[in-house]
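Worksheet: the structure to be examined is printed underneath.
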Amino acid sequence: MSARLRLAVVTILALTWVGGGVSGAEAAVKADSLQQDIRTAVYAVHRFWSAHWSDYFPGGYSPPRVLGSYDGRDPARPACSGHKMLPYNASYCMTQHFIAWDINLMRMSYTYGDGLVYQVISHEWSHAVQNRMPPRYLVPQVELQADCMGGAALAGASRDGTLTWERGDNQEIAATLRGLSGDTPWTNPRDHGSATERINAFNTGVRYGVRACLA
Ligand SMILES: [Zn+2]
C-alpha cells in the first residue's frame, strides 16, 4: 500500500502524529520506508473513521491517541494501567484510549512486505472503535471483528482515495499472518484466532465493508 496524497499526509501528520519513531541507528532506507508506511497507515485509518463514523454509529468519533512505536526491549516503554506494553505486540489501551506497537513487530512483519503494518494499525484502531461504538454491535470474537473492521477501514480508505491498494496487498497480508502465526503475541492463535480465521475476517471486511463486521 502507499499514500496517494503524500503532501497532505506530511502536512496533516505534523498536526496529529504523537510520538513514535525508529531510533537513529536503524538502516536508513528500510527504516525510512517503514516509518513512512506507519505514518501513512495512521493517517489513512484516522481519515477513514473520521469521515465514516456517522455512517455506522451514533454520537461523535473519538480517535485514540497514537502513542506509536516503542521498543519492546526498553525498560522505559509505555504501560497501560501499570502493565508494560509487551514485546512483539501491538495494543489498544482501553483505560487510556491510546494505541501503541513494538517497532520490532513491525520490522518482523516488514520482511514479508508492507501490508501487515497497515493492518496492525487498522486492527488496533478498530479496538478503539469497538470500545466507543454501541455494545450491541460487538461480536463474541472481538479479535476477529477487529481484523474484519481493520480490513474494512483500509479498503474504505482506498475507495476514498487516501490509500493506494497495490496488487497483491491482500495476499501479502495473508502470507504474513500465516508466516508469523504463533511467533508473536499479536499473532497468537489462542486469543486472536487461527491465521485462516484472521484472513477470512480481514477479507470479509475488505469485500463487504464495516457493516459486515458488526453484530
Ligand atoms: Zn486485537
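In terms of the numbering used here, the sequence shown opens at residue 1 and continues consecutively. Backbone N, C-alpha and C fix where the C-beta goes; we use that ideal spot for every residue, glycine too. This one's a predicted model, so the numbers in the text were calculated from it and none came from an experiment.
Item to check | residue 127 - partner residues in DSSP beta bridges | outcome: None; residue 127 has no bridge partner.
Checklist entry - Using the C-alpha atoms, what's the distance from residue 36 back to residue 190? => result 32 Å
Item to check | residue 105 and residue 128 closer than 7 Å at C-beta | outcome: no
Checklist entry - Under the criterion of a Cβ to heavy atom distance below 6 Å, does residue 166 qualify as lining ligand 1? => result no
Next on the checklist: On the CB-based measure, 16 or more other CB atoms within 10 Å of its CB, does residue 187 come out buried or exposed?
Outcome noted: buried
Checklist entry - Between residue 172 and ligand 2, is the CB less than 6 Å from at least one heavy atom? => result Ligand 2 is not part of this structure, which contains only ligand 1.
Checklist entry - Rounded to the nearest angstrom, how far is the Cβ of residue 71 from that of residue 65, given a contact under 8 Å? => result No, residue 71 and residue 65 are not in contact; Cβ-Cβ is about 19 Å, not under 8 Å.
Next on the checklist: Quick check on DSSP: helix, strand or coil for residue 61?
Outcome noted: coil
Checklist entry - What distance in whole Å lies between the Cβ atoms of residue 148 and residue 98, which are believed to be in contact at a cut-off of 8 Å? => result At roughly 22 Å, the Cβ-Cβ gap does not stay under 8 Å, so residue 98 and residue 148 are not in contact.
Next on the checklist: Which residues does DSSP list as the beta-bridge partners of residue 66?
Outcome noted: 99
Checklist entry - Looking only at DSSP bridge pairs, what is residue 83 linked to? => result 80
Checklist entry - Within the 7 Å Cβ cut-off, does residue 55 reach chain C? => result Here chain C cannot be found, since the structure has a single protein chain.
Next on the checklist: Less than 6 Å separating the Cβ of residue 143 from some heavy atom of ligand 1?
Outcome noted: yes
Item to check | Within 7 Å, strictly: CB atoms of residue 157 and residue 44 | outcome: yes
Checklist entry - Based on Cα-Cα distance, which residue from 144, 107 and 113 lies nearest to residue 31? => result 107
Checklist entry - Applying the criterion that 16 or more other CB atoms from any shown protein chain within 10 Å of the CB defines a buried residue, is residue 169 buried or exposed? => result buried
Item to check | Residue of 100, 42, 87 and 57 minimising C-alpha distance to residue 185 | outcome: 87
Item to check | Status (buried if at least 16 other CB within 10 Å, exposed otherwise) for residue 130 | outcome: buried
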